[in-house]
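Take any residue in the sequence shown, count from 1 to its spot, add 26: that is its number in this note's numbering. Beta carbons: idealized from backbone N, C-alpha and C, even for Gly. These figures come from a predicted structure and were not determined experimentally.
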Amino acid sequence: MFKDTPAFSGFAVDDIEKAKKFYNEVLGLNIEQPMGQLQLNLAGGHHIFVYAKPNYEPANYTVLNFQVDDVDAAVDELTRRGVKFEIYNNGPLKTDEKGISRNNGGPTIAWFKDPAGNYLSVLEK
């Protein structure tokens, strides 16, 4: 039924202006503001709709993954831009001092949060 139907994903934030600044200035994404909300324009012509939500609560899962050639380089650059990466040392998931999980049965990946507390990641292609 939807095989040839365009689609897009979205997630909520508590403050559109903070999200706009973060996604545009820190992450360097091209953005638009339809209906006073936020559209993230990603590589390959993909779009993510970010909207303000009353009684907002951040997602407790990763809402957006950025595939990169070099996670270390991406983490270093984002850290220079003020991004703080999550450190995990409890349970089966472990990260190094930079916040990068390596060879835990999955991809090399590092998680960080947007200003609204949503989880994002950079992971190697």
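Check each candidate in the options and name the one with the smallest Cα separation from residue i.
{"i": "Pro84", "options": "Leu149, Ser147, Gly131, Val39", "result": "Val39"}
{"i": "Asn81", "options": "Lys151, Trp137, Lys110, Asp41", "result": "Asp41"}
{"i": "Phe92", "options": "Ala33, Pro118, Lys79, Asn67", "result": "Asn67"}
{"i": "Gly71", "options": "Asn56, Gly62, Met61, Lys151", "result": "Asn56"}
{"i": "Val94", "options": "His73, Gly117, Ala69", "result": "Ala69"}
{"i": "Thr134", "options": "Lys151, Leu146, Asn144, Tyr145", "result": "Lys151"}
Look at the Cβ atom of residue i, then the Cβ atom of residue j, and state whether they are nearer than 8 angstroms.
{"i": "Val101", "j": "Gly132", "result": "no"}
{"i": "Phe75", "j": "Gln59", "result": "no"}
{"i": "Leu149", "j": "Val89", "result": "no"}
{"i": "Ala45", "j": "Ala142", "result": "yes"}
{"i": "Leu119", "j": "Asn129", "result": "no"}
{"i": "Tyr87", "j": "Gly36", "result": "no"}
Between which two residues does the beta strand (DSSP E) harbouring residue i extend?
{"i": "Ile135", "result": "135 to 139"}
{"i": "Phe37", "result": "35 to 39"}
{"i": "Tyr145", "result": "145 to 150"}
Measuring only the C-alpha atoms, how far is residue i from residue j?
{"i": "Lys139", "j": "Glu103", "result": "15 angstroms"}
{"i": "Leu53", "j": "Lys47", "result": "9 angstroms"}
{"i": "Arg23", "j": "Ala99", "result": "The chain is shown from 27 up to 151; residue 23 falls before or after that span and cannot be answered."}
{"i": "Lys110", "j": "Phe34", "result": "28 angstroms"}
{"i": "Glu112", "j": "Ser127", "result": "10 angstroms"}
{"i": "Asn116", "j": "Tyr145", "result": "18 angstroms"}
{"i": "Asp121", "j": "His73", "result": "It should be noted that the sequence gives Thr, not Asp, for residue 121. In a straight line, the C-alpha of Thr121 is about 30 angstroms away from that of His73."}
Check: Whole alpha helix (DSSP H) runs in the segment 47 to 108 with 4 or more residues, listed along the chain?
Finding: 97 to 106
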